[in-house]
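Peer 1: Take a look at this one; I'll ask things after.
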Amino acid sequence: MKQSRFRHVAFYVMVLTVALVVLFPFFWMLSSSFKTQVDIIAWPPRLVFKPTLHNYVKVFGEQDFLKYFMNSSIVGISAVGASLLLGLPAAYSIARFRQKRLSVFILVARLMPGISFLLPWYIIFSRLGLMDSYIALILSHMLIALPVIVWIMSSYFDGVPTELEESAMVDGATRQRAFFSIILPLSGPGIVTATTLSFIFSWNNFMFSQVLSMERTKTLPIAVYNFVSYAEVDWGGVMAAAVAIMAPAILLTMLFQKYVVKGLTMGAVKG
Amino acid sequence: MKRFFAILVAVVLVGAASAQTKEIRVLLANHPYGELLKNAIPEFEQATGIKVIVESLQESQLTTKLTTEFATGSSSVDVFMTRPLQEAKMFYKNGWYAALPGYDFSDFPKNSLSVVTFGTKTYVVPIVTEWQVLYYRKDLLQKAGVEVPKTLADLEATAKKINSPDVAGFASRGKGAAAVTQLSTYVYNYGGLYLDKGKAVFDSKPALDAIKYYGRILGNYGPQGATSMSWENIMPLFQAGKLAMWTDASVFYGQIIDPAKSQVPAANIGIANMPAGPKGSSPFIVVSWGMAIAKKTKNLELAGQFLTWATSKEFAKRALASNITMARNSAWEDKEVLKVVNPDLVSTRAFAAKNGYPLDRPYMSAVGEARDRIGELVIESINTKGGSTKLEPMAKDLVRKVNELLEDTGEYGVY
Numbered sequence: 001m002k003q004s005r006f007r008h009v010a011f012y013v014m015v016l017t018v019a020l021v022v023l024f025p026f027f028w029m030l031s032s033s034f035k036t037q038v039d040i041i042a043w044p045p046r047l048v049f050k051p052t053l054h055n056y057v058k059v060f061g062e063q064d065f066l067k068y069f070m071n072s073s074i075v076g077i078s079a080v081g082a083s084l085l086l087g088l089p090a091a092y093s094i095a096r097f098r099q100k101r102l103s104v105f106i107l108v109a110r111l112m113p114g115i116s117f118l119l120p121w122y123i124i125f126s127r128l129g130l131m132d133s134y135i136a137l138i139l140s141h142m143l144i145a146l147p148v149i150v151w152i153m154s155s156y157f158d159g160v161p162t163e164l165e166e167s168a169m170v171d172g173a174t175r176q177r178a179f180f181s182i183i184l185p186l187s188g189p190g191i192v193t194a195t196t197l198s199f200i201f202s203w204n205n206f207m208f209s210q211v212l213s214m215e216r217t218k219t220l221p222i223a224v225y226n227f228v229s230y231a232e233v234d235w236g237g238v239m240a241a242a243v244a245i246m247a248p249a250i251l252l253t254m255l256f257q258k259y260v261v262k263g264l265t266m267g268a269v270k271g
Numbered sequence: 272m273k274r275f276f277a278i279l280v281a282v283v284l285v286g287a288a289s290a291q292t293k294e295i296r297v298l299l300a301n302h303p304y305g306e307l308l309k310n311a312i313p314e315f316e317q318a319t320g321i322k323v324i325v326e327s328l329q330e331s332q333l334t335t336k337l338t339t340e341f342a343t344g345s346s347s348v349d350v351f352m353t354r355p356l357q358e359a360k361m362f363y364k365n366g367w368y369a370a371l372p373g374y375d376f377s378d379f380p381k382n383s384l385s386v387v388t389f390g391t392k393t394y395v396v397p398i399v400t401e402w403q404v405l406y407y408r409k410d411l412l413q414k415a416g417v418e419v420p421k422t423l424a425d426l427e428a429t430a431k432k433i434n435s436p437d438v439a440g441f442a443s444r445g446k447g448a449a450a451v452t453q454l455s456t457y458v459y460n461y462g463g464l465y466l467d468k469g470k471a472v473f474d475s476k477p478a479l480d481a482i483k484y485y486g487r488i489l490g491n492y493g494p495q496g497a498t499s500m501s502w503e504n505i506m507p508l509f510q511a512g513k514l515a516m517w518t519d520a521s522v523f524y525g526q527i528i529d530p531a532k533s534q535v536p537a538a539n540i541g542i543a544n545m546p547a548g549p550k551g552s553s554p555f556i557v558v559s560w561g562m563a564i565a566k567k568t569k570n571l572e573l574a575g576q577f578l579t580w581a582t583s584k585e586f587a588k589r590a591l592a593s594n595i596t597m598a599r600n601s602a603w604e605d606k607e608v609l610k611v612v613n614p615d616l617v618s619t620r621a622f623a624a625k626n627g628y629p630l631d632r633p634y635m636s637a638v639g640e641a642r643d644r645i646g647e648l649v650i651e652s653i654n655t656k657g658g659s660t661k662l663e664p665m666a667k668d669l670v671r672k673v674n675e676l677l678e679d680t681g682e683y684g685v686y
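Going down the list, the protein sequences come from chains A and B. Under the numbering used here, think of the first position of the first sequence as 1, with each following residue one higher. Under the numbering used here, think of the first position of the second sequence as 272, with each following residue one higher.
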């Protein structure tokens with residue numbers, strides 16, 4: 001009895017320690033976003049202060065972050081959507097026909113440093129007059145989303161018993177029909193995982209957006225730097241912008257957390 | 272498929288059509304001058320009928336974007352802001368700056384033009400200059416009964432007197448590469464240099480004496496963790512009232528007297544010339560920002576019009592009136608403008624423009640690597656309070672490494 005109570009306490013102490021370490025930066029960011037510059041740099045740090053919404057007014061008023069939100073959403077949703085369209089059939093094909101080489105090839109695209117793509121892309125997009133267009137950004141973000149989707153989904157499809165589609169095909173369904181009517185509906189958790197992860201990767205991408213976007217299509221991670229000026233950093237603004245950017249990602253993760261964990265481990269053990 | 276090509280053709284046509292209207296693309300930095308200019312651009316558009324597509328970026332993003340675009344050879348940038356000391360050598364060598372033959376440079380301090388002139392041509396119009404100054408707390412110096420230090424010996428004595436567990440006596444950047452620029456005036460005032468005639472010389476006796484002094488005063492009377500501090504860390508200390516004296520660039524003056532950012536009343540904050548060393552006083556005064564035209568611009572004439580307007584005497588006055596330390600001499604002589612600018616700032620500028628040295632770092636293509644090397648010396652010196660016996664052999668070794676960097680880019684012995 002004593003032993004188990006000790007374990008109980010030890011468990012919560014550990015959980016608390018880990019949570020503290022992980023959550024402290026968030027707490028710092030959140031509290032700073034409601035502080036004035038003077039309060040932010042005050043030493044020792046002020047835990048009690050007069051909160052101000054001024055930083056958020058700057059983010060959404062002076063800086064027009066709604067526009068950047070729209071840009072990030074358009075790019076993220078379109079890139080993930082297009083990647084699902086191409087990636088799901090590809091993943092299915094890799095899983096069923098054991099196209100190992102193809103899957104390695106796709107992984108290589110993801111492993112290559114992104115910057116090596118930038119120069120050729122810049123040349124191609126500027127020749128086509130596509131600079132500062134959503135198309136260029138969406139295509140570039142597909143490089144981030146597509147491999148994630150293909151890799152998660154091919155191992156997921158691997159775990160779906162082939163007997164299911166075989167019996168459908170015995171009943172006269174084509175392979176396409178079997179894929180769309182049998183396999184896809186069974187793969188909900190996997191698709192949710194792949195979609196969430198690839199969307200967050202696109203949402204946070206900095207490098208591609210930095211070079212391929214301009215004022216009209218600027219995305220959120222680039223816009224945070226609007227608060228970093230020469231020899232001057234508006235910490236309150238940076239923190240408020242960071243909170244605003246992280247909110248959708250955190251919300252999305254919390255909403256689909258159950259699926260994400262399930263989806264990631266689904267293909268791990270084959271039965 | 273047909274539809275795809277139709278869209279493609281349409282997009283290309285639209286792109287071509289828009290190139291025929293009078294339009295230029297301008298890249299600015301996140302900088303008070305860039306902000307001011309951006310807000311004034313509608314005036315330019317109305318007066319000339321030229322449409323300006325403007326974009327502001329944080330400085331390192333700006334460099335990344337410019338280098339990526341220029342490297343592909345198909346950039347559409349016409350005019351851009353540039354940091355001469357950081358990138359001019361490389362940009363010039365790569366042929367990314369257009370020469371500015373018709374531009375009248377007579378209103379600029381001579382030393383500000385030397386870094387952007389290659390051969391006989393000048394490639395960048397200086398916009399903003401900054402120079403090193405001593406920021407100090409009037410109230411703390413008064414309480415200690417000391418005058419504003421005039422020499423480096425005074426500075427050390429004053430720092431010693433004021434230093435307490437609660438308020439650091441003195442601070443300056445100590446974080447390796449970041450410290451190199453702020454150390455430079457100390458090196459000059461001791462009679463040394465980083466580079467001389469295209470060769471690294473920071474192992475000379477005067478330079479080493481300066482490095483030892485810098486390590487001694489920071490190690491003894493500086494804030495804790497001085498070797499990891501750049502301006503981002505020191506300015507908040509000063510603003511929070513935890514620091515009595517600070518040597519850094521003049522650009523921070525506005526922020527430390529701003530009541531929205533500082534806990535120290537502006538009346539308690541002073542600004543003075545850098546203390547003199549054994550070889551007099553020659554603070555750095557550098558062109559931190561300039562403006563240039565892209566070599567491959569397709570709108571040379573329109574770009575020239577924009578550059579002339581953005582760097583004009585009138586605009587310089589306007590910018591100085593909002594406390595941006597402009598390069599043009601005429602702005603600093605304008606009576607109306609001087610009414611609203613702090614007289615101590617004006618006098619430190621006048622001193623630096625006359626006696627200053629136009630570089631605050633080893634001016635070379637591999638400036639980043641060279642700064643890292645010299646930064647190692649700074650950290651060793653601070654950690655040992657200037658007493659390390661390893662400094663001399665280290666300096667010899669690092670000089671050799673910087674010379675190798677110079678040789679790699681064909682700049683060794685070239686000046």
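The C-beta atom is built at its ideal place from N, Cα and C for all residues, glycine as well.
Are any of the Cβ atoms in chain A nearer than 9 Å to that of residue 294 of chain B?
Peer 2: By 1-based counting over the second sequence, the position of residue 294 of chain B is 23. Chain A contact via Cβ: absent.
Peer 1: Go to residue 109 of chain A, then tell me how far its alpha helix (DSSP H) extends in each direction, as first and last residue.
Peer 2: By 1-based counting over the first sequence, the position of residue 109 of chain A is 109. First-last of the alpha helix (DSSP H) with residue 109 of chain A: 100-111.
Peer 1: At the 9 Å Cβ level, is residue 222 of chain A part of the contact set with chain B, yes or no?
Peer 2: As a first step, residue 222 of chain A must be located in the first sequence, where it is residue number 222. Yes, residue 222 of chain A lies at the interface with chain B (some Cβ there is under 9 Å from its Cβ).
Peer 1: Determine the DSSP secondary structure at residue 557 of chain B, reduced to helix, strand or coil.
Peer 2: Here residue 557 of chain B corresponds to residue number 286 of the second sequence, with the count starting at 1. DSSP places residue 557 of chain B in strand when its eight states are reduced to three.
Peer 1: Helix, strand or coil, according to DSSP, for residue 5 of chain A in the structure here?
Peer 2: The residue you call residue 5 of chain A lines up with position 5 of the first sequence. Helix, per DSSP.
Peer 1: Who are the neighbours of residue 274 of chain A on chain B, taking C-beta pairs under 8 Å?
Peer 2: Residue coverage of chain A in this structure runs from 1 to 271, which leaves residue 274 of chain A outside it and unanswerable.
Peer 1: Give a yes or no on whether the C-beta atoms belonging to residue 369 of chain B and residue 598 of chain B are separated by under 9 Å.
Peer 2: Translated into the one-based positions of the second sequence, residue 369 of chain B becomes position 98. Translated into the one-based positions of the second sequence, residue 598 of chain B becomes position 327. The answer is no: Cβ separation not under 9 Å.
Peer 1: Taking any Cβ of chain B, which residues in the region 113-147 of chain A have a Cβ under 9 Å from it, in chain order?
Peer 2: Of all residues in the region 113-147 of chain A, 115, 118, 119, 120, 122, 123, 126, 127, 128, 129, 130, 131, 132, 133, 135 have a Cβ within less than 9 Å of some Cβ in chain B.
Peer 1: Could you name the residues of chain B that residue 29 of chain A contacts, counting a contact when the two beta carbons are closer than 9 Å?
Peer 2: By 1-based counting over the first sequence, the position of residue 29 of chain A is 29. Within chain B, no residue comes near residue 29 of chain A; the closest Cβ sits about 17 Å away, beyond 9 Å.
Peer 1: In chain B, what lies closer than 7 Å to residue 214 of chain A by C-beta?
Peer 2: The residue labelled residue 214 of chain A in the question sits at position 214 within the first sequence. 326, listed in chain order.
Peer 1: Do you know offhand how far residue 283 of chain B's Cα is from residue 322 of chain B's?
Peer 2: Translated into positions along the second sequence, residue 283 of chain B becomes position 12. Translated into positions along the second sequence, residue 322 of chain B becomes position 51. Low per-residue confidence applies at residue 283 of chain B: pLDDT is 48, beneath 50, and the placement is therefore not dependable, though the value from the model is reported in the following sentence. Cα to Cα, the separation comes out at about 20 Å.
Peer 1: Among A:191, A:220, A:32, which has the Cα closest to the Cα of residue 202 of chain A?
Peer 2: For the purposes of this step, residue 202 of chain A is taken as residue 202 along the first sequence, with counting starting at 1. Nearest of A:191, A:220, A:32 to residue 202 of chain A, Cα basis: A:220.
Peer 1: Who pairs with residue 551 of chain B in a beta bridge, going by DSSP?
Peer 2: Locating residue 551 of chain B in the second sequence gives position 280, where the first residue counts as 1. BP columns for residue 551 of chain B point to B:548.
Peer 1: For residue 7 of chain A, does the count of other Cβ atoms within 10 angstroms reach 16, so buried, or fall short, so exposed?
Peer 2: Indexing the first sequence from 1 puts residue 7 of chain A at position 7. Exposed: under 16 other Cβ atoms inside 10 Å.
Peer 1: Rounded to whole angstroms, what's the CA-CA distance from residue 562 of chain B to residue 21 of chain A? Just pull it up for me.
Peer 2: Taking the second sequence and counting its residues from 1, the one referred to as residue 562 of chain B is at position 291. Taking the first sequence and counting its residues from 1, the one referred to as residue 21 of chain A is at position 21. Taking the straight line joining both Cα atoms gives about 46 Å.
Peer 1: Measure the C-alpha to C-alpha separation of residue 187 of chain A and residue 164 of chain A and round it to an integer number of angstroms.
Peer 2: Within the first sequence, numbered from 1, the residue matching residue 187 of chain A stands at position 187. Within the first sequence, numbered from 1, the residue matching residue 164 of chain A stands at position 164. Residue 187 of chain A and residue 164 of chain A: Cα-Cα distance of roughly 13 Å.
Peer 1: Determine the direct distance from the alpha carbon of residue 213 of chain A to that of residue 138 of chain A, and round the result to whole angstroms.
Peer 2: In the first sequence, the residue the question calls residue 138 of chain A occupies position 138. In the first sequence, the residue the question calls residue 213 of chain A occupies position 213. Cα to Cα, residue 138 of chain A sits roughly 11 Å from residue 213 of chain A.
Peer 1: At the level of alpha carbons, what is the spacing between residue 176 of chain A and residue 66 of chain A?
Peer 2: Your numbering for residue 176 of chain A matches position 176 in the first sequence. Your numbering for residue 66 of chain A matches position 66 in the first sequence. Using only the alpha carbons, I get a separation of about 41 Å.
Peer 1: Per DSSP, what kind of secondary structure is residue 317 of chain B in: helix, strand or coil?
Peer 2: If you number the second sequence from 1, residue 317 of chain B lands on position 46. Residue 317 of chain B: helix per DSSP, three-state reduction.
Peer 1: Could you tell me which residues DSSP pairs with residue 368 of chain B in its beta bridges?
Peer 2: Within the second sequence, residue 368 of chain B is the residue found at index 97, counting from 1. Paired residue(s): B:565.
Peer 1: Give the secondary structure of residue 272 of chain A by DSSP, where H, G and I count as helix, E and B as strand, and everything else as coil.
Peer 2: Absent from the structure is residue 272 of chain A, since the part of chain A shown begins at 1 and ends at 271.
Peer 1: Would you mind working out which of A:198, A:74, A:106, A:118 sits nearest residue 342 of chain B, comparing C-alpha positions?
Peer 2: If you number the second sequence from 1, residue 342 of chain B lands on position 71. Ranking A:198, A:74, A:106, A:118 by Cα distance to residue 342 of chain B puts A:118 first.
Peer 1: In this structure, how does DSSP classify residue 10 of chain A when only helix, strand and coil are distinguished?
Peer 2: For the purposes of this step, residue 10 of chain A is identified with residue 10 of the first sequence, where counting begins at 1. DSSP places residue 10 of chain A in helix when its eight states are reduced to three.
Peer 1: Using a C-beta cutoff of 9 Å, does residue 400 of chain B count as contacting chain A?
Peer 2: On the second sequence, residue 400 of chain B is found 129 positions in, with the first residue counted as 1. Not one chain A Cβ lies under 9 Å of residue 400 of chain B.
Peer 1: Taking all protein chains shown into account, do 16 or more other C-beta atoms lie within 10 angstroms of the C-beta of residue 366 of chain B, making it buried, or fewer, making it exposed?
Peer 2: Here residue 366 of chain B refers to the residue found at position 95 when the second sequence is read from its first residue. Per the 10 Å Cβ criterion, exposed.
Peer 1: Does the region 650-664 of chain B come into contact with the region 488-497 of chain B, if we say contact requires no fewer than three beta-carbon pairs (one atom in each stretch) closer than 8 Å?
Peer 2: Segments in contact, yes.
Peer 1: Assess contact between the region 416-430 of chain B and the region 564-581 of chain B, defined as three or more Cβ pairs (one per stretch) separated by less than 8 Å. Is contact present?
Peer 2: No, they do not touch.
Peer 1: Answer with yes or no whether the minimum CB distance from residue 316 of chain B to chain A is below 9 Å.
Peer 2: Indexing the second sequence from 1 puts residue 316 of chain B at position 45. Not an interface residue.
Peer 1: Run down chain B in chain order and give the residues with a C-beta less than 9 Å from the C-beta of residue 259 of chain A.
Peer 2: Translated into positions along the first sequence, residue 259 of chain A becomes position 259. The contacting residues do not exist; residue 259 of chain A stays about 35 Å from chain B at best.
Peer 1: So, does the region 436-443 of chain B touch the region 556-570 of chain B, judging by three or more C-beta pairs under 8 Å?
Peer 2: Judged by Cβ distances under 8 Å, the region 436-443 of chain B makes no contact with the region 556-570 of chain B, as fewer than three pairs qualify.
Peer 1: Under 8 Å between beta-carbons, which chain B residues line up against residue 204 of chain A? List them in chain order, please.
Peer 2: Indexing the first sequence from 1 puts residue 204 of chain A at position 204. Near residue 204 of chain A there are no residues of chain B at all, since even the closest Cβ is about 16 Å away, more than 8 Å.
Peer 1: Spell out a yes or no on whether the region 588-605 of chain B and the region 384-402 of chain B are touching, meaning 3 or more CB-CB pairs, one atom from each, closer than 8 Å.
Peer 2: The region 588-605 of chain B, when compared against the region 384-402 of chain B, does touch it at the 8 Å Cβ threshold.
Peer 1: Within a Cβ cutoff of 8 Å, which residues of the same chain sit near residue 276 of chain A, ignoring the five residues on either side of it in sequence?
Peer 2: The question about residue 276 of chain A has no answer here: the residues shown for chain A are numbered 1 through 271.
Peer 1: Can you give me the C-alpha to C-alpha distance between residue 590 of chain B and residue 305 of chain B, rounded to a whole angstrom?
Peer 2: Indexing the second sequence from 1 puts residue 590 of chain B at position 319. Indexing the second sequence from 1 puts residue 305 of chain B at position 34. Each residue's alpha carbon lies about 10 Å from the other.
Peer 1: When you compare the CB positions of residue 454 of chain B and residue 482 of chain B, do they come within less than 9 Å of one another, or not?
Peer 2: The residue you call residue 454 of chain B lines up with position 183 of the second sequence. The residue you call residue 482 of chain B lines up with position 211 of the second sequence. In this structure, residue 482 of chain B lies closer than 9 Å to residue 454 of chain B by Cβ.
Peer 1: Per the contact definition of three or more C-beta pairs closer than 8 Å, is the region 100-108 of chain A in contact with the region 138-158 of chain A?
Peer 2: Output reads yes: the region 100-108 of chain A touches the region 138-158 of chain A.
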